[in-house]
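Using UniProt numbering, the final residue of the sequence shown is 290, and nothing's skipped along the way.
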Amino acid sequence: MSAAEQRVGVGQETGSVVARLRERIRQLQAAPRRYLAVLRTGLDAVDALLPAGGLPLGQVVELCGEAASGRTSLALQAVASAHREARLCAWVDGPRELYPPAAAGLGVDLERLLIVRPQAPEQRVWAAVQLARSGAFTCVVLDLTRGVHSGGRPCRVALAEARKLADAAARGGGLLLLLTSPESPADGVVRLRTEARDGDGWSVEVVRSRQGGTGARAVLPWSTLYPALGLEGGGRLLDVAEDAEDGTEDFLREQAGALRNGLGILGQRPGRDAPLPPVRHGLDAALPAH
């Protein structure tokens, strides 16, 4: 075969490959679009509950449950999953109870997490809307479980606020994750309910989903949320015998104005709670005895 014939053969083969690629591109463009952008929690059993295989980006998803039901830890797992992909997240901490060292223990990269603590309750939704709309964060968590300025009651989201949250998530393309209580649910596209089981585990149930899968439930051991605690052998989160004394010291957070108000002196405020000690008594203690 001559060189000219070889060039013709190579040209025909290249043209055939290009034609096949063009046809494949045409088929892909003509196929119906499917929403595949999700954020996986890293827990296969939880991701399998959702039709998309994870928490859908560009949507509002609600984690609803009682305290100590695993809702916050599940949100931290989602944040940690985003951080493993070198993405940024934000957390609007309404109750001001997020403990960064515990979050880091679950795999959260604190350098990639923006924590916002609004002063007023009405600023929470506004802050979450601005963060989600910016498009800079893959996941924005809005904690509405308890209000510091509302007597400890959960915060409710009005219909107008719910629409703003949904619009912000769609515009920014990230996941807006709401932490709510059963008595104050929100209006998420997907609502997952977390519950602590009577035994040694917890459960996640899809109680609302516009994408299907309602009623699906996964029951998991606590070790799936807290692998570092070594619960694989059947240990429990709290293993305290009945009628036993709790030897754990109480955790007290020092108030910012304690020293300013004089609480550092015998726990009293001189001139308010107790009279000031006599001046002569103080001098006698300071001077050496003759």
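Ideal placement from N, C-alpha and C gives every residue a C-beta, glycine not left out.
Start and end residues, beta strand (DSSP E) containing residue i
| i | result |
| --- | --- |
| valine 46 | Here valine 46 belongs to no beta strand (DSSP E); instead the alpha helix (DSSP H) covers 44-47. |
| glutamate 195 | 190-196 |
| arginine 208 | 201-209 |
| valine 116 | 113-116 |
| valine 141 | 139-143 |
| leucine 178 | 175-180 |
Beta-carbon spacing of residue i, residue j below 8 Å
| i | j | result |
| --- | --- | --- |
| arginine 71 | leucine 179 | yes |
| arginine 193 | glutamate 205 | yes |
| valine 116 | lysine 164 | no |
| valine 129 | alanine 160 | no |
| leucine 76 | valine 108 | yes |
| alanine 127 | valine 157 | no |
| glycine 54 | valine 79 | no |
| leucine 57 | glycine 173 | yes |
| valine 190 | arginine 208 | yes |
| proline 118 | cysteine 155 | no |
| arginine 133 | arginine 171 | yes |
| leucine 177 | leucine 50 | no |
| arginine 40 | serine 81 | yes |
| threonine 145 | serine 203 | no |
Residue i, DSSP secondary structure in three states
| i | result |
| --- | --- |
| leucine 98 | coil |
| proline 65 | A quick correction: the sequence has glycine, not proline, at residue 65. The answer is strand: DSSP assigns glycine 65 an E or B state. |
| threonine 224 | helix |
| aspartate 187 | coil |
| leucine 55 | strand |
| arginine 146 | coil |
| valine 18 | helix |
| alanine 162 | helix |
| arginine 156 | coil |
| arginine 40 | coil |
| alanine 103 | helix |
| alanine 216 | coil |
Counted within 10 angstroms of its Cβ, other Cβ atoms place residue i as buried (16 or more) or exposed
| i | result |
| --- | --- |
| arginine 24 | exposed |
| valine 61 | buried |
| glutamate 111 | exposed |
| glycine 199 | exposed |
| glycine 188 | buried |
| leucine 98 | buried |
| serine 69 | buried |
| glutamate 13 | exposed |
| glutamate 195 | buried |
| aspartate 44 | exposed |
| glycine 15 | exposed |
| leucine 131 | buried |
| leucine 21 | exposed |
Extent of the continuous alpha helix (DSSP H) run through residue i
| i | result |
| --- | --- |
| valine 108 | Counting along the chain, valine 108 falls outside any alpha helix (DSSP H), and DSSP gives it neither H nor E. |
| tryptophan 91 | Taken as a continuous stretch (DSSP letters only), tryptophan 91 belongs to no alpha helix (DSSP H), being part of the beta strand (DSSP E) at 89-93. |
| threonine 72 | 71-84 |
| leucine 131 | 122-134 |
The stretch 81-98 in contact with the stretch 131-139 per 3-pair CB rule at 8 Å: Enough Cβ pairs lie closer than 8 Å, so yes.
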